[in-house]
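Single-structure report; data block below.
Number of protein chains: 2
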Amino acid sequence: MSSIDTTVKPSGPPPENKGSIGPGVIDVGLRFLLFATALVSVIVMVTSKQTKLFPVPMVPGLSIAIVAKFNQSPAFIYFVVALSVACLYSVISGVLSIFVLMKPGGNSTKLQFHFVILDVLLFGIVAAAMGAAGGVGYIGFRGNSHTQWKKVCNDFGSFCSHFAASIFLSLISSITLLLLVWLSVYALSKKISK
Amino acid sequence: MSSIDTTVKPSGPPPENKGSIGPGVIDVGLRFLLFATALVSVIVMVTSKQTKLFPVPMVPGLSIAIVAKFNQSPAFIYFVVALSVACLYSVISGVLSIFVLMKPGGNSTKLQFHFVILDVLLFGIVAAAMGAAGGVGYIGFRGNSHTQWKKVCNDFGSFCSHFAASIFLSLISSITLLLLVWLSVYALSKKISK
Chain A
1 MSSIDTTVKP SGPPPENKGS IGPGVIDVGL RFLLFATALV SVIVMVTSKQ TKLFPVPMVP
61 GLSIAIVAKF NQSPAFIYFV VALSVACLYS VISGVLSIFV LMKPGGNSTK LQFHFVILDV
121 LLFGIVAAAM GAAGGVGYIG FRGNSHTQWK KVCNDFGSFC SHFAASIFLS LISSITLLLL
181 VWLSVYALSK KISK
Chain B
1 MSSIDTTVKP SGPPPENKGS IGPGVIDVGL RFLLFATALV SVIVMVTSKQ TKLFPVPMVP
61 GLSIAIVAKF NQSPAFIYFV VALSVACLYS VISGVLSIFV LMKPGGNSTK LQFHFVILDV
121 LLFGIVAAAM GAAGGVGYIG FRGNSHTQWK KVCNDFGSFC SHFAASIFLS LISSITLLLL
181 VWLSVYALSK KISK
């Protein structure tokens, strides 16, 4: 079984002591950041609905309402699902991390191992969702003359600014997950070198 | 400094002994698989060019040639760049892994640590590229009636089958990178529990 390494050594030098407590606190902080960014990203994406009236050609005075919603594209649906999973996961793993921090023994290697395994998986899911939403969003923003896909952001500005913000937040979620994995790997390899 | 754990113990039980040598060999195998899938994925995507003649309406006998190439979409350009980086990285890390395997001492924790750090980063890059290409490719395959983006795969079948194959191969590359990270984390945590 794993040995517990985060016991505070009164005789040790202050910088080392600080370093052995640090990763756990940073871990909880990063999980909170992941929760916040993923939650806001989902909310911003889900509330992006925009309705616009377009005049009907040849019929003066008549307009039709066209609605832009996130669920009109499978990429955005996947994005919302992936970020929701990340949000839920950050709550569960964050609470577990706090319990581990509050335990007198400190960090447990086994839990840390399971966290890295799931963090990496989720990192891939969120990165793929960000890529998919970013790829489709870019077409909406700039269009593609080769395939004659017209840009939609000139007509649906509010919708587009919503999803641009959402994608930016998902980028922060991805970076947070990357940092979480790096931190755990660093903590694991530090335990070996001790 | 790290201790070296892969020395063959003649007195040890066979399953444990096998386990201590296994990860290094699997690591090299996975890096070779990553190299093969990333390389083939890039080649298939780059060679996806398709030219098709379309008759000009109202002018009988006259046709115009329309070319479909991967570099007509920024998502596909990013995809090719990301998979090329993955391919190059797999060569460098694979060769280093083989050197480590051939060294009498076996696995080095420090190198393994650096490998995980880079593997995770690359996993995110490849997953995002797969997502972006998949998202745009899906529009090409099915179109989007809400934004009036017409599907192009009915006209450019060969181009589309090329990029479908390429995206599938990138999925295998992503899974390989995920397994590489999991393997390294498993090897690291196994060293702690010893």
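Quick mapping for you: the protein sequence lines, in order, are chains A and B. With full-length UniProt numbering applied, the first sequence covers 1 to 194. With full-length UniProt numbering applied, the second sequence covers 1 to 194. All C-beta atoms, glycine included, are put in the ideal place defined by N, C-alpha and C.
Notebook entry, point to check: Would a C-beta distance cut-off of 8 Å place A127/B and G135/A closer than the cut-off?
Noted result: no
Check: So is N144/B in contact with chain A if we call contact Cβ pairs under 8 Å?
Finding: yes
In chain order, what residues of the same chain lie with their CB nearer than 6 Å to the CB of V44/A, ignoring the 5 residues before and after it?
-> H162, A165 and S166
Pick helix, strand or coil for V67/A, following the three-state DSSP scheme. strand
| Three-state secondary structure (DSSP) of F76/A | helix
| query | Given that a residue counts as buried once 16 or more other Cβ atoms are within 10 Å of its Cβ, and exposed if not, what is residue 213/B? | reply | Given a span of 1 to 194 for chain B in the structure shown, any question on residue 213/B remains unanswerable.
On the DSSP letters alone, give me the boundaries of the beta strand (DSSP E) that K52/B sits inside. Q50 to P55
**Message:** At the 8 Å Cβ level, is P15/B part of the contact set with chain A, yes or no?
**Reply:** Here the model assigns P15/B a pLDDT of 42, short of 50, so the residue's position is not dependable and the matter cannot be decided.
Quick one: residues in its chain with C-beta nearer than 7 Å to the C-beta of L39/B, no 5 flanking neighbours on either side, listed in chain order? C87
* Asked: In terms of alpha-carbon separation, which member of Y138/B, S173/B, T147/B and G140/B lies closest to F141/A?
  -> T147/B
**Asked** How would you list, in chain order, the residues of chain B whose beta-carbon sits under 8 Å from the beta-carbon of Q72/A?
**Response** N144, H146 and T147
(request) Locate the alpha helix (DSSP H) running through T176/A, then write down its first and last residues. (result) G157 to S193
Check your understanding: Going straight from the alpha carbon of L53/A to that of L83/B, what length do you get?
Key -> 43 Å
For L118/B, which of K190/A, S73/A and L179/A has the nearest alpha-carbon? L179/A
What do you reckon, is the C-beta of Y138/B under 7 Å from a heavy atom of the ligand FMN? Absent from the structure shown: the ligand FMN. Ligands present: none.
Inset, instruction - Could you list which residues in chain B have their beta carbon closer than 7 Å to that of G134/A, in chain order? - result: A132
Please confirm whether I192/B and L101/A have their CB atoms less than 8 Å apart.
no
Which residues in the same chain as L111/A place their Cβ atom closer than 8 Å to its Cβ, once the five residues preceding and following it in sequence are excluded? L96 and V100
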